[in-house]
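This report concerns only the one structure given below.
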Amino acid sequence: MHASLLAPSLLAGDHAQLATSALIAATAGAPWLHLDIMDGHFVPNLTFGPEVPAALRRAGLKTFFDTHLMLSEPQKYIEAFAKAGANLISIHIEPSYDHVATLAQIRALGCQNGIVLNPGTPASAIEHLLGLVDLVLVMTVQPGFGGQPFRTDMLPKLREIDTWRRTRHLNFRLEVDGGIDLARAAECRAAGADTFVAGTSFFRATDKSAYAAAIAQM
Ligand code: DX5
Ligand code: ZN
10 MHASLLAPSL
20 LAGDHAQLAT
30 SALIAATAGA
40 PWLHLDIMDG
50 HFVPNLTFGP
60 EVPAALRRAG
70 LKTFFDTHLM
80 LSEPQKYIEA
90 FAKAGANLIS
100 IHIEPSYDHV
110 ATLAQIRALG
120 CQNGIVLNPG
130 TPASAIEHLL
140 GLVDLVLVMT
150 VQPGFGGQPF
160 RTDMLPKLRE
170 IDTWRRTRHL
180 NFRLEVDGGI
190 DLARAAECRA
200 AGADTFVAGT
210 SFFRATDKSA
220 YAAAIAQM
């Protein structure tokens, strides 16, 4: 099993000071930074494009960029995000495009790849892709907005995917995103997750020492 890993989500940071927010996460020891890219079409909200990770790299950020594309046509933007400094690019299963080719394109550009499922999408929808990915992201809220409550009913899905991973001797990371704080992370860890996105809970915490301690322990 992979070591646990925390990925603060920049969506919950200060958008007037994105580099400062990214640095706060890095200073707390977080090895990954989660970047939420929304197109106002696949999800009813907009965030930012590849210029933000590119600018964060220019500002000196060395963190692993975990880039979550919530786009109807992600295949059009892979190259731009890879060039902008993404280390991992994850794409949703729900829209129709060539998932296999897009996952391959992500790796061909030197990034790790990930496949994402919405809460309403069953694990079986991605079963055929498990041997082709570095990460599976199980959404624990409906994507589009930070600050929503964690969906406990996603825990069986985590167990199902974790069981496939073990019985098939696969090695992808299993990530959760939405409504995660340290207690939820522990609950998800017990269900098989190893990678935890934390937006609101991380950036709202005025004292980051609990997170820094938890990250150090991970
Ligand atoms: C939701 C995004 C999440 C979001 C999580 O659409 O994919 O990454 O930032 O935020 P919290 O942790 O506040 O639920
Ligand atoms: Zn996300």
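For the sequence shown, the working numbering begins at 10 and goes up steadily by one.
C-beta atoms are modelled at their ideal positions from N, C-alpha and C, and glycine is treated no differently.
Could you tell me whether any non-hydrogen atom of the ligand DX5 is closer than 7 Å to the CB of residue i?
i       : result
Ser-30  : no
Gly-58  : no
Ser-210 : yes
Ala-194 : no
Ser-18  : yes
Ile-189 : yes
Pro-152 : yes
Ala-21  : yes
Gln-121 : no
Gly-156 : yes
Step through the CB atoms of chain D and report whether any lies within less than 8 Å of the CB of residue i.
i       : result
Gly-140 : Among the chains of the structure shown, chain D does not appear; only one protein chain is present.
Could you tell me the alpha carbon to alpha carbon distance between residue i and residue j, rounded to whole angstroms?
i       : j       : result
Thr-91  : Ala-12  : Looking at the sequence itself, residue 91 is Ala, so the reference to Thr does not match. Ala-91 and Ala-12: Cα-Cα distance of roughly 25 Å.
Gln-157 : Tyr-86  : 27 Å
Arg-177 : Thr-29  : 42 Å
Gly-188 : Phe-159 : 4 Å
Ala-222 : Arg-175 : 29 Å
Met-163 : Met-148 : 8 Å
Gly-119 : Leu-44  : 18 Å
Ala-34  : Ala-64  : 16 Å
Leu-139 : Gln-226 : 29 Å
Ser-133 : Glu-103 : 12 Å
Per DSSP, residue i is paired with what?
i       : result
Thr-76  : Leu-44 and Ile-98
Phe-205 : Leu-15 and Val-185
Asn-122 : Ile-98
Leu-55  : Asp-48
Notebook entry, point to check: Around the ligand ZN, which residues pass a check of Cβ closer than 5 Å to any of its heavy atoms?
Noted result: Asp-45, His-77 and Asp-186
Note to self: Please give the ranges of any alpha helix (DSSP H) in the segment 134 to 194, keeping only runs that are unbroken, at least 4 residues long and fully inside the region.
What the structure shows: 164 to 176
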